[in-house]
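Chemist:
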Amino acid sequence: MDGLLQPNEQHSTSIPLKLRFILAARRKSDVGRYDAVHVPSLNPTQLNSYVLQEEGLMFSSGGFNQRAYPIPWLYNQFKTEVLAAVLFVLERIELTPDYHNDPFYMTNVLNKFVRGSIIEGNWNSVQDTPEKFNGLEAEHALSWGGSAEILEKYHQYNGRKIGFAQCWVFTGVLITMLRALGIPSRPIINPESASDYESDFTIDYEYKNGKFDLRSQGNGVWNFHVWVQASMKRRDRGEKYYGWQEADPTYSIGAIPNQVLRDPEITGRDEAFFYAAVNADKASWFGAVVVEINTYEIGSHIITASLNLNYEEDLTSMYKPLEGTIDERRHYKEAADTFGIRPVSIYSRTTRSGKKLLLPPISLSIESLKPVFVGEPVHFEIHLKNPTFRNQKFNLILQIDSLFYSGHLAYPIMHNSRIISVASNSRE
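Printed below as a string of structure tokens:
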């Protein structure tokens, strides 16, 4: 029905809004079977959290094996001005009534609308972020603490896109809109998250100009990345795919069922993008030869906030088997086979190299001598182990660069080389 949303006391004008209806998450089992967002896998406590909770936590991370730090976020999905903004978005999308009761379609549309129309992405440092965007005052992504100010500003300026956001901000805005519509949703945080535009489940590094750098500048590995899970029935795909769906508003990809990542059933580019994000391998190339493959860093600790927001909840097993196991490698191969690709980490010959996989007979390790703190000197030792039966000489190249959190090289810090002799079956 048409309605008029009355303003709160801080406003002097009413906000006319035309709305057919709003999705609501029914939490009673006797009516849940008719509700597109009621799935048996979510209990009442989870529903209360993922629909009604107005505050939340996301996490940032320095990457693989690094501590995750909480980022508080206010969703404020029931704030009057926020609800008005969400309804304003629905008007601008101009959905026909046929789609109003389809949470999957609504999630897909809103997932693309956040970055496409509400807020612009910008990954510059704070000092390099423009002060204005689209004729309006702009903010660095770190300046936002919740969705309300973003949605209210977007609504206040009649749908003018504002600046700026990064992954956790896009995610927070989408979760606010989904929860306002009664769709259970939560943030997913993936430290060491791959961005694989080539859809080959591999992030390639190439040795050139004395250092290893990303072969394709379109690909990369975020030190952390955040996206959305939304829970619903998938009547278009069947009961097997009910439950959590993955939607990434940063890339406007999804929603796809979590189940296709877990099984795995990778049949489209969206599924492939998500699978690579959580389980791609890293391959280091020296010319046409692969000299190292890392199978364990990407997606090793996928988390969300616990229901009471006291700690992080590990969700890695929702996506793949435990890293370092035969099951994980079997899972990776099955995903590649269903998608019709031949990743270099599985097959010894590839279309790019045409040469056999070469694994060096030595091992190199870097050991930190003291805890590492920002702004303080870094103390470490490098050890070479020669497991062969002959003495060998090695050209050890030490390169230290700063990185953008997309994984791309930023600025050189140190570059040095040294010839080292290592006796057979010994360690230096």
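Take 1 as the starting number for the sequence shown in UniProt numbering and just add one per residue. Using N, Cα and C, we set each Cβ at its ideal position, and we do this for glycine too.
Can you have a look at H383 and say buried or exposed, based on whether 16 or more other CB atoms are within 10 angstroms of its CB?
Modeler: Its Cβ having fewer than 16 others within 10 Å, H383 is exposed.
Chemist: Under 8 Å, do I413 and I397 count as touching if we go by C-beta distance?
Modeler: no
Chemist: So, R235 versus V51, is the Cβ gap smaller than 8 Å?
Modeler: No. Outside cutoff.
Chemist: For R330, does the count of other Cβ atoms within 10 angstroms reach 16, so buried, or fall short, so exposed?
Modeler: exposed
Chemist: May I ask you to report which of helix, strand or coil DSSP gives T295?
Modeler: coil
Chemist: In whole angstroms, what is the alpha-carbon distance linking F273 and R390?
Modeler: 45 Å
Chemist: If distances are taken between C-alpha atoms only, which option among L136, Y69, E206 comes closest to L215?
Modeler: This sequence places Arg at residue 215; Leu is not what is there. Looking at the Cα atoms, E206 is the closest of the given residues.
Chemist: Compute the Euclidean distance between the alpha carbons of V39 and S61, then round it to the nearest angstrom.
Modeler: About 32 Å.
Chemist: Whose C-beta lies closer than 6 Å to the C-beta of A335 among residues of the same chain, with five residues either side of it excluded?
Modeler: P264, I266, Y275
Chemist: State the Cα-Cα distance for the pair P146 and I188, rounded to the nearest angstrom.
Modeler: Reading off the sequence, residue 146 comes out as Gly, not Pro. Between G146 and I188, the C-alpha separation is close to 17 Å.
Chemist: Between which two residues does the alpha helix (DSSP H) harbouring M58 extend?
Modeler: No alpha helix (DSSP H) contains M58, which is instead part of the beta strand (DSSP E) from 55–61.
Chemist: Kindly provide the ranges of any alpha helix (DSSP H) runs that are 4 or more residues long and lie completely inside the segment 216–288, ordered along the chain.
Modeler: With a minimum length of 4 residues, the continuous alpha helix (DSSP H) runs that stay inside the segment 216–288 are 258–262, 269–279.
Chemist: Is the number of C-beta pairs between the segment 105–119 and the segment 243–253 that are closer than 8 Å three or more?
Modeler: yes
Chemist: Name the one or two DSSP bridge partners that S193 has.
Modeler: In DSSP, S193 forms a bridge with W222.
Chemist: Where do the ends of the alpha helix (DSSP H) carrying G172 lie?
Modeler: 167–180
Chemist: Rank P103, G163, K153, G121 by C-alpha distance to the C-alpha of E131 and give the top, closest one.
Modeler: G163
Chemist: Please state whether DSSP places G340 in a helix, a strand or coil.
Modeler: G340 falls in the coil class under three-state DSSP.
Chemist: Applying the 10 Å Cβ sphere with the 16-neighbour rule, what's the burial state of R349?
Modeler: Unreliable positioning characterises R349 in this predicted model, as indicated by a pLDDT of 38, which lies under 50. The coordinate reading is nonetheless provided below. Exposed, since its Cβ has fewer than 16 Cβ neighbours within 10 Å.
Chemist: Below 6 Å CB to CB, which residues in the same chain sit around C167 once its five sequence neighbours on both sides are set aside?
Modeler: Only residues of its own chain outside the window of five on either side were considered, and among them H225, V226, T250 have a CB closer than 6 Å to the CB of C167, listed in chain order.
Chemist: Using CA coordinates, which residue listed in T176, L307, Y197 is at the minimum distance from N43?
Modeler: L307
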